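What follows is a set of notes on a single structure, which appears directly below.
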DNA sequence: AATTAGCACTCAATATTAGTGAGTGCTAAT
DNA sequence: ATTAGCACTCACTAATATTGAGTGCTAATT
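Written out as structure tokens, the structure reads:
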């Protein structure tokens, strides 16, 4: 990232701040009025011309005002932006808006989404805790009928995964409970990869009696690992309306391409998975990602992680590139922190 | 519903069939060419004028062609329409596109949604089986940490509900398992309302030992009953794209009002709940419902129900009022039947 | 009496044109 | 180095004209 002298930075700053509010190209006259430098519009125009040469802003058409480019936003975020501090009062409000009692993790994640939605007016997304590296707490077999057995796997933090396996014979529930207990003895503190090995090796002695169940479980471990298979339980998407109210999406074609892009959750999942192991805030701007489907969008993400274990996921906020970063960044950050505490 | 002589019916029929395809007003010349009656456009116009008087069609503006009204569609569906029979081959295809092994009910319902989406190109919706009247199969307590206990409730058909309750003291997992077993002994074949009474009355003798757990369960029974609380696990909505591709929603305002209407799932839930106890197909046309949010939509619904028990829900298809009823109705019907078999 | 050809009329949709104004780049004066 | 002055660009808006599919009505036809 190139250096910019102070005068240039100030002009870029005001262009972006204004564009964030109005969503229309910003002209030299406006900047001249706003700027503390007390320069005439003509001078500002010179500065703008060279900011454009450096690639930070551009003109949508000859003789329009200037609009920030992706690198413009990037520079702004990295070098100019001062994020707002969240007041203690606001922090307390956010914390207390989580109503935990009687709620499983999924509900809590939805609460996070709604909170983000209310505060930011952009589109929140949440990736549920990954199950691959999370420790299993409990496995239970429940007989549904002659041929079908429900396997319930509870992961640390309270995330539950259900799978149905078909039995090789008609197990009695009592029998199943016995096997549940046996498995639960070896489960403690292992993730599914480790358990797979343990089951394959250690249970050999008497495994004939419930061989098909064990096989079923191992098979389902693989299903659980492939989180994409679980899309609807893995990625939660908040209200789209806020985004669609933004002026850049106020035409038919754009709104349709947006809906299409969000309907296939896999691209968003990929994006969030990039960051779920990493600390801190990550920001994707415009066409930075391979996610070329949609230009003009930015994504702010932060990961969360339970204190004791390895289970973690990430939360994010999708908005127009001209989003209010000063507010959005600390909000995403703080809600991720809250989730760490709660889970 | 008034009687219509054959000639009138034929004209109405062709107007609707054509409008279903083109989505634009149908003129007399076209009908004259299509009709087996061999009448001139002028005669058709006379017939159209009196169909309009009866309220089956209308002109969007003076000197446009005719468009069916809600009552027009209703008459068409009840008296003229001959639904397509689904061939054995198609039925077999549909059946085999369900991949049941290793899938819990939720996944199967999603498969139903995807199937409906592929076949119909409208927007499928599915209401998960109601839990209030479904029998409980299994209850399990799992210790998450000192203060939190996960309660897993498995309903017939394999639907699983998780709730977290906070404990009054630090239960050991072994202890919790004991209580699980005790509860499971009395559970069999009762729904949550019945169980509530049983728990309150019958377990009195030694309930002091896990009094708070029982209380927690009873409280959660009430939560489970209030299915609206579970929106995201109760109503599943399929791909919206198909609907948005329909020409009547090809402008910004309409598409936005549609999105808004679907974002609040409660209206759709109410609609589906009206029919989930009733046999057979139900069709809501245009502004028939109190669901005045959106005109120009129709909803086809059918209920499904597991054979043994009382647990049932419904599936539906939302499309423009000018939807292809001949195909959509038997498809919804057959998929509902398939669900009955599978669950 | 039922049907139809003929015709004037309506009105959405599309294309055409003109006018407006915010904003620019360049040049010459400060 | 800065700025006032000016001609120029181009999206946006409004006003106007054109087109054509479709109608209702009347009078002629079967």
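Protein chains in written order, with this note's numbering: chain A, 1 to 343; chain B, 1001 to 1343. Beta carbons are placed, not taken as given, at the ideal position from N, Cα and C, and that holds for glycine. It should be emphasised that the depicted structure is a prediction, and the values quoted were computed from it without experimental measurement.
- prompt: At which residues does the alpha helix (DSSP H) containing residue 1244 of chain B begin and terminate?
  reply: Going by DSSP, residue 1244 of chain B is part of the alpha helix (DSSP H) stretching over 1241 to 1245.
request  = Would you kindly check if the distance between the Cβ of residue 135 of chain A and the Cβ of residue 155 of chain A is under 8 Å?
outcome  = Residue 135 of chain A is positioned such that its CB atom lies closer than 8 Å to that of residue 155 of chain A.
Looking at the strands, I want to know which residues DSSP matches up with residue 1148 of chain B. Beta-bridge pairing links residue 1148 of chain B to B:1166.
Backbone secondary structure at residue 95 of chain A - three-state DSSP:
Three-state DSSP puts residue 95 of chain A in a helix.
Exercise for review: Could you confirm whether any beta carbon from chain B is found closer than 8 Å to the beta carbon of residue 5 of chain A?
Suggested key: The beta-carbon of residue 5 of chain A is placed no less than 8 Å from the nearest beta-carbon of chain B.
Q.
My assumption, with CB atoms under 8 Å, is that residue 1298 of chain B sits in contact with residue 1283 of chain B. Please give the rounded CB distance.
A. That pair is a contact at about 7 Å.
field: Under 8 Å between C-beta atoms of residue 1254 of chain B and residue 1312 of chain B
entry: No. Outside cutoff.
Original post:
Of the residues B:1144, B:1201, B:1133, B:1063, which one's Cα is nearest the Cα of residue 1189 of chain B?
Top reply: If we check each option's Cα against that of residue 1189 of chain B, B:1133 comes out closest.
Check: Unbroken beta strand (DSSP E) runs of length 3 or more, entirely within the stretch 26 to 109 of chain A: which are they?
Finding: None, since the stretch 26 to 109 of chain A contains no complete beta strand (DSSP E) of that length.
**OP:** Check each candidate in A:53, A:320, A:110, A:244 and name the one with the smallest Cα separation from residue 336 of chain A.
**Re:** Looking only at A:53, A:320, A:110, A:244, the smallest Cα-Cα distance to residue 336 of chain A is reached by A:110.
Exercise. Tell me whether residue 231 of chain A is buried or exposed, calling it buried when 16 or more other Cβ atoms sit within 10 Å of its Cβ.
Key: Residue burial annotation: residue 231 of chain A is exposed, with fewer than 16 other C-beta atoms found within 10 angstroms of its C-beta.
**Request:** Could you have a look at residue 1157 of chain B and say whether DSSP puts it in helix, strand or coil?
**Result:** The answer is coil: DSSP assigns residue 1157 of chain B none of H, G, I, E or B.
Which residues bound the alpha helix (DSSP H) around residue 263 of chain A? 252 to 263 is the span of the alpha helix (DSSP H), which, as asked, contains residue 263 of chain A.
Label residue 28 of chain A either buried or exposed according to how many other C-beta atoms from any shown protein chain fall within 10 Å of its C-beta, with 16 as the threshold for buried. When all chains shown are included, residue 28 of chain A counts as buried.
Quiz item: Mind listing which residues of the stretch 143 to 175 of chain A have their C-beta closer than 7 Å to chain B's C-betas, in chain order?
Solution: Those would be 144, 150, 152, 154, 158, 160, 162, 163, 164, 165, 166, in chain order.
Using beta carbons (cut-off 8 Å, strictly below), is residue 81 of chain A in contact with chain B?
Not one chain B Cβ lies under 8 Å of residue 81 of chain A.
Is the Cβ of residue 1241 of chain B closer than 8 Å to any Cβ of chain A?
Contact with chain A is found for residue 1241 of chain B, since one of that chain's Cβ atoms lies less than 8 Å from the residue's Cβ.
Using the Cβ count rule (16 or more neighbours within 10 Å means buried), how would you classify residue 33 of chain A? Label assigned to residue 33 of chain A: exposed.
key: Assigned secondary structure, residue 1301 of chain B (DSSP; H/G/I helix, E/B strand, else coil)   = Annotated three-state conformation of residue 1301 of chain B is strand, per DSSP.
Exercise. Indicate whether at least one CB of chain A lies closer than 8 Å to the CB of residue 1252 of chain B.
Key: For residue 1252 of chain B, the answer is yes, since a Cβ of chain A falls inside 8 Å of its Cβ.
* To do: Figure out for me which residue from A:252, A:238, A:260, A:270 has the closest Cα to the Cα of residue 118 of chain A.
  => Checking every option, the nearest Cα to that of residue 118 of chain A belongs to A:238.
Q: Measure how close the beta-carbons of residue 164 of chain A and residue 1103 of chain B come, nearest whole angstrom, since I'm counting them as under 8 Å.
A: That belief holds up - the Cβ atoms of residue 164 of chain A and residue 1103 of chain B are roughly 6 Å apart, short of 8 Å.
Closer than 6 Å by C-beta to residue 76 of chain A: which residues in its own chain qualify, once you throw out the five before and the five after it? Chain order, please. Taken in chain order, the residues that qualify are 16.
* Hey, does residue 1232 of chain B have any beta-carbon neighbour from chain A nearer than 8 Å? -> Answer yes: the Cβ-Cβ gap between residue 1232 of chain B and chain A drops below 8 Å somewhere.
Quiz prompt | CB of residue 1260 of chain B within 8 Å of CB of residue 1221 of chain B, strictly | solution = In this structure, residue 1260 of chain B lies away from residue 1221 of chain B, with their beta-carbon atoms at least 8 Å apart.
Please tell me whether residue 341 of chain A has its Cβ less than 8 Å away from any Cβ of chain B.
Chain B, which has no Cβ nearer than 8 Å to the Cβ of residue 341 of chain A, makes this no.
- Message: Quick check on residue 263 of chain A - is its C-beta less than 8 Å from some C-beta in chain B?
- Response: Interface residue, yes.
#### Entry: Simplified DSSP state of residue 129 of chain A, which is helix, strand or coil
It is coil, neither helix nor strand.
Decide if the stretch 1265 to 1272 of chain B is in contact with the stretch 1086 to 1095 of chain B; the criterion is three or more beta carbon pairs, one per stretch, under 8 Å apart.
With fewer than three CB-CB distances shorter than 8 Å, the stretch 1265 to 1272 of chain B does not count as touching the stretch 1086 to 1095 of chain B.
Discussion item. Any beta carbon from chain B within less than 8 Å of residue 140 of chain A's own beta carbon?
Written reply: Yes, because at least one Cβ of chain B sits closer than 8 Å to the Cβ of residue 140 of chain A.
Q | CA nearest to the CA of residue 1215 of chain B, picked from B:1262, B:1265, B:1149 | A | Among B:1262, B:1265, B:1149, the Cα nearest to that of residue 1215 of chain B is on B:1149.
| field | Neighbourhood of residue 1246 of chain B by C-beta, 8 Å cutoff - its chain only, sequence neighbours within 5 removed | value | Contacts found: 1023, 1319, 1320.
Min CB distance residue 244 of chain A to chain B below 8 Å:
Chain B, which has a Cβ nearer than 8 Å to the Cβ of residue 244 of chain A, makes this yes.
Counted within 10 angstroms of its Cβ, other Cβ atoms place residue 1219 of chain B as buried (16 or more) or exposed: Counting the other Cβ atoms within 10 Å of the Cβ of residue 1219 of chain B gives fewer than 16, which makes it exposed.
Give the DSSP-derived three-state secondary structure of residue 1215 of chain B in the structure shown.
In this structure, DSSP gives residue 1215 of chain B a helical state, which the three-state scheme calls helix.
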